[in-house]
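In my numbering, the protein residues as written are 71 to 214.
Below is the structure:
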């Protein structure tokens with residue numbers, strides 16, 4: 071899967087005790103938080119800010135999420151979230167994720183789909199028209 075990617079952002083994760091459940095593994099919903107950290111870091115790495123988007127009057131809520139759990143992470147494990155732009159059609163953007171442990175083993179893979187909405191009324195907006203420069207950057211970086 072990784073070989074076909076044009077751009078992959080890699081972020082080191084700190085697995086805290088609070089991230090784990092009674093089985094001493096990372097609680098399944100916390101992987102969605104890790105996806106979000108990866109997505110935010112990718113956006114910042116390419117020179118944009120989610121805060122700036124909000125200040126301009128827009129949100130980018132999750133429209134869909136998918137995760138497949140392969141191997142557990144535990145408190146104290148070294149881990150990384152790799153994030154890339156899987157698809158970008160001008161309305162929806164799909165981010166891909168791969169969370170690996172320190173040995174490079176796949177622990178979780180998944181995706182989130184986001185849309186742009188107005189803060190005022192939560193109606194969908196065209197990403198391509200609302201943020202043309204960022205849209206073009208995504209087009210350059212997305213998976214081919």
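Glycine included, every Cβ here is placed at the ideal spot set by N, Cα and C.
According to DSSP, residue 183 shares a beta bridge with 134 and 164. Residue 158 sits in a strand when the DSSP states are folded into three classes. For residue 139, the pairing in a beta bridge is given by DSSP as 178. For the 8 Å CB-CB criterion, residue 167 and residue 85 do not form a contact. Burial state of residue 209 is exposed, judged by a 10 Å Cβ sphere holding fewer than 16 other Cβ atoms.
Out of 172, 97, 128 and 77, the CA that lies nearest to the CA of residue 194 is found in 128. The segment 177-194 makes contact with the segment 119-138; the number of CB pairs closer than 8 Å reaches 3 or more. DSSP places residue 80 inside the beta strand (DSSP E), whose first and last residues are 79-84.
A straight-line Cα-Cα distance of about 29 Å links residue 116 and residue 98.
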